[in-house]
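Each residue of the sequence shown is one higher than the one before, counting from 37 in my numbering.
Quick notes on the structure that follows.
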Amino acid sequence: MIEGQTNVRSVRFGSGALDQIGRELGRFMVTTMDVPWELARHRLGADPVAVLRVESMEIDTLDRQVAAAPECDAVLAIGGGQAIDLGKYLAWKRGIRLVSAPSILSVDAFVTPAAGIRRGHRVEYIGQTSPDPLVIDYDLIRTAPAELNIAGVGDLLSILTACFDWELAAKAGRSEYPFKPEDIASARQILTDTIRQADAIRSCSDDGLRAIVEGYMRVNTLCLPVGHYRVEEGSEHYLFYELEERLGRPFIHGWIVGLGVRLLSRLQEHRHAEAIHFMETVGLRHQPADLQISRDQLRASLLNLQPYVFSRPDLWYTVIHERPIDPAWVDAALDTLRF
Ligand SMILES: [Zn+2]
Numbered sequence: 037m038i039e040g041q042t043n044v045r046s047v048r049f050g051s052g053a054l055d056q057i058g059r060e061l062g063r064f065m066v067t068t069m070d071v072p073w074e075l076a077r078h079r080l081g082a083d084p085v086a087v088l089r090v091e092s093m094e095i096d097t098l099d100r101q102v103a104a105a106p107e108c109d110a111v112l113a114i115g116g117g118q119a120i121d122l123g124k125y126l127a128w129k130r131g132i133r134l135v136s137a138p139s140i141l142s143v144d145a146f147v148t149p150a151a152g153i154r155r156g157h158r159v160e161y162i163g164q165t166s167p168d169p170l171v172i173d174y175d176l177i178r179t180a181p182a183e184l185n186i187a188g189v190g191d192l193l194s195i196l197t198a199c200f201d202w203e204l205a206a207k208a209g210r211s212e213y214p215f216k217p218e219d220i221a222s223a224r225q226i227l228t229d230t231i232r233q234a235d236a237i238r239s240c241s242d243d244g245l246r247a248i249v250e251g252y253m254r255v256n257t258l259c260l261p262v263g264h265y266r267v268e269e270g271s272e273h274y275l276f277y278e279l280e281e282r283l284g285r286p287f288i289h290g291w292i293v294g295l296g297v298r299l300l301s302r303l304q305e306h307r308h309a310e311a312i313h314f315m316e317t318v319g320l321r322h323q324p325a326d327l328q329i330s331r332d333q334l335r336a337s338l339l340n341l342q343p344y345v346f347s348r349p350d351l352w353y354t355v356i357h358e359r360p361i362d363p364a365w366v367d368a369a370l371d372t373l374r375f
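Following this line, the structure appears as structure tokens:
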């Protein structure tokens with residue numbers, strides 16, 4: 037049993053945790069992509085009645101796939117974020133059991149209830165699902181590139197800047213939600229426990245992979261009941277939003293969030309050296325060179341960050357509201373980065 041309120045109904049950790057799972061599922065279908073399916077298909081102990089590959093996350097494509105899928109008792113989602121989201125959407129639409137087996141930890145789709153889909157070019161989160169069980173097969177996850185599994189810590193490290201932002205908002209009387217110091221303390225404990233596992237995460241050992249998954253589950257235990265992710269999302273994510281709109285392309289999420297933590301912790305003057313030390317110890321790539329962002333692009337983005345945030349009333353109050361970002365500050369910050 038999982039402690040507290042979490043979206044995950046049950047979880048199995050272990051090398052080989054996926055083996056023979058097909059025998060427990062009755063008539064089941066699989067959602068996946070080619071690479072994870074080749075790795076997993078011979079281990080299930082039973083054959084699915086259908087295998088649905090990710091074609092596109094557009095809602096029309098998903099609805100066509102759901103309509104064409106056979107009757108069955110369960111959906112087994114094996115793969116990265118999109119394969120998991122396809123499984124979530126299908127399980128929700130059909131009202132059947134979901135089993136999720138991530139093959140990579142770079143995004144947290146496997147612990148969140150809603151499926152990320154696209155309508156036109158906008159991402160929406162719809163539906164409500166709980167994996168039962170969530171299968172964390174360390175061997176399957178270690179087939180993914182280490183640097184992408186390590187990217188999973190980005191959304192845990194973001195606690196460092198996001199909690200400080202929420203405290204600033206509360207002090208300014210601008211918090212959008214009832215301020216809960218106990219939630220800040222709990223979130224910081226998650227961060228502390230993650231930092232403690234830095235060497236294990238760097239090597240993607242069983243303990244390191246487990247630390248990332250448990251960190252995600254604990255964040256959800258805090259955030260799902262209150263209905264917002266204030267302890268985990270703040271100014272560091274807003275830099276990412278600005279860059280995504282500016283450059284019109286996706287990024288490895290944990291890496292771009294790492295860049296955001298690095299720059300916004302500097303603006304906050306809060307635990308900045310510690311953030312850099314952790315990212316270096318754990319091997320979290322976050323440099324503009326890793327993300328193919330030029331110095332001119334990042335400079336323009338930072339100088340536009342406050343106007344950008346002010347233009348979006350849906351974004352929460354953070355350090356960006358309080359501290360103007362001037363060219364001298366930007367140039368000094370950029371001098372510490374690698375392009
Ligand atoms: Zn995030």
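The beta-carbon is built from N, C-alpha and C at its ideal position, and this holds for glycine as well.
C-alpha distance - residue i paired with residue j, whole-angstrom precision
i	j	result
L299	V355	11 Å
A236	S51	16 Å
T165	S142	20 Å
D367	L327	19 Å
F200	I162	29 Å
S271	G296	8 Å
I38	E316	Only weak support exists for where I38 lies, its pLDDT of 45 falling under 50; the coordinates are left without a value.
A369	Q323	12 Å
R348	D83	49 Å
F49	I248	12 Å
F375	T230	28 Å
V293	D191	7 Å
C240	P181	10 Å
P261	E107	33 Å
D121	W128	10 Å
A86	P72	16 Å
S211	W202	7 Å
L176	L245	11 Å
L338	A103	45 Å
E183	R302	24 Å
P363	A208	26 Å
I312	T372	11 Å
A206	E60	49 Å
T228	I57	34 Å
P169	A53	10 Å
R331	A309	22 Å
Candidates the options: closest to residue i by CA position
i	options	result
G156	D96, V267, V249, A234	D96
A234	G163, P261, G319	G319
N340	R359, P286, G115, Q328	R359
V47	F346, S239, F146, R63	F146
C259	R331, F215, T179	F215
D243	P106, T179, I172	I172
T42	N185, G251, L176, H308	G251
M69	V262, I140, I329, R238	I140
A110	V71, A223, L126	L126
L204	Y353, Y213, L334, N185	Y353
P149	V44, A206, A309, D371	V44
M93	R59, K124, A223, D144	K124
P167	D144, Y174, R232	D144
G152	Q118, Y174, T372, R178	Q118
R335	A53, R282, A311, Q56	R282
V90	R154, Q333, Y344	R154
R238	F314, L170, R224, A309	F314
Extent of the continuous beta strand (DSSP E) run through residue i
i	result
R210	It is not in any beta strand (DSSP E) - R210 carries neither H nor E in the DSSP assignment.
F49	47-49
S136	133-138
V111	110-115
Range covered by the alpha helix (DSSP H) that runs through residue i
i	result
T317	308-318
T97	95-104
R154	Taken as a continuous stretch (DSSP letters only), R154 belongs to no alpha helix (DSSP H), being part of the beta strand (DSSP E) at 151-155.
I172	Looking at the DSSP string, I172 is not in any alpha helix (DSSP H); the run it does join, the beta strand (DSSP E), is 170-172.
L303	289-304
A187	Careful: A187 lies outside any alpha helix (DSSP H) and carries neither H nor E.
V66	Looking at the DSSP string, V66 is not in any alpha helix (DSSP H); the run it does join, the beta strand (DSSP E), is 64-68.
R224	217-232
Worksheet item: Does the count of Cβ pairs from the region 99-111 and the region 182-198 closer than 8 Å reach three?
Response: no
Worksheet item: Is there contact here, the region 132-142 with the region 110-119, by at least three beta-carbon pairs under 8 Å?
Response: yes
Worksheet item: Would you call the region 276-286 and the region 66-81 touching, i.e. three or more CB-CB distances under 8 Å?
Response: Contact between the region 276-286 and the region 66-81 is absent, because fewer than three Cβ pairs lie under 8 Å.
Discussion item. Assess contact between the region 274-283 and the region 247-259, defined as three or more Cβ pairs (one per stretch) separated by less than 8 Å. Is contact present?
Written reply: no
Worksheet item: Are the region 260-269 and the region 209-226 touching, with three or more C-beta to C-beta distances below 8 Å?
Response: yes
Worksheet item: Do the region 117-133 and the region 54-73 make contact, defined as three or more Cβ pairs closer than 8 Å?
Response: Taking 8 Å as the limit for Cβ pairs, the verdict is that the region 54-73 does touch the region 117-133.
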